[in-house]
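Visitor: Residues in the sequence shown are numbered from 1009 upward in steps of one, following the numbering used here.
Can you read through this structure? Questions will come right after.
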Amino acid sequence: MSNRSDRDRVRIRLDDLTHDQLDALYERLEDLEAETAKLIRWHREDGVALTKARRAVEHLTDRYRGAEAATARVRDLHRDAYADTPDAGASCTAGCGTWPCPTLTTLDGPHTN
Ligand SMILES: [Zn+2]
C-alpha cells in the first residue's frame, strides 16, 4: 500500500511523460492484470475446493445419520425382553438367549478405529 506522499512523489504530469515512463506504466499495468487474473483463478479454485468439501461433508453426514439410524434399529430389536419385571436381564427380545446379548455387547464394545 502506498500512502499519499508516495503517490504524489511518483506522479508525472501527462505532458511530461516520456516513452520510457509510458512503457514502464504499461508494463506495470500488464503485471497488475496478470496478478488480478491469478487472484481470480485462485478464488475460483478455492470456490471449487469449497464446493467439493461441502459435498464431502454432506456425504459423510448422510452416512453418519444412516449408521445412527441403523444402530437405533438394532437397539430397538435387541432389548431386554423382561425389562421392568422380576426376570429383567434374562433374555433379549430378538431371541438371542442372553442379556445383554452379543449384538448389544458388540455395539457397546470398545471402538477399534
Ligand atoms: Zn439380541
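Using N, Cα and C, we set each Cβ at its ideal position, and we do this for glycine too.
Ignore the nearest five residues each way along the sequence and tell me which others in R1021's own chain have a CB closer than 8 Å to its CB.
Guide: Excluding positions up to five away in sequence, the list is empty.
Visitor: I'd like the list of long-range same chain contacts for M1009, defined as Cβ closer than 6 Å, with 5 residues on each side in sequence excluded.
Guide: With a pLDDT of 47 at M1009, under the threshold of 50, the modelled position of this residue cannot be trusted; read the value that follows with caution. Excluding positions up to five away in sequence, the list is empty.
Visitor: In chain order, what residues of the same chain lie with their CB nearer than 8 Å to the CB of D1070, ignoring the 5 residues before and after it?
Guide: Nothing listed; no residue qualifies.
Visitor: Using 7 Å as the cut-off, classify the Cβ of L1115 as near or not near the heavy atoms of ligand 1, replying yes or no.
Guide: Incorrect: L1115 has no Cβ contact closer than 7 Å to ligand 1.
Visitor: How many whole angstroms separate the CB atoms of D1088 and A1096, which I take to be in contact at a CB cut-off of 8 Å?
Guide: Indeed, because the Cβ distance is near 6 Å, the residues count as touching under 8 Å.
Visitor: Do you know offhand how far T1044's Cα is from A1061's?
Guide: Straight-line Cα distance between these residues: approximately 25 Å.
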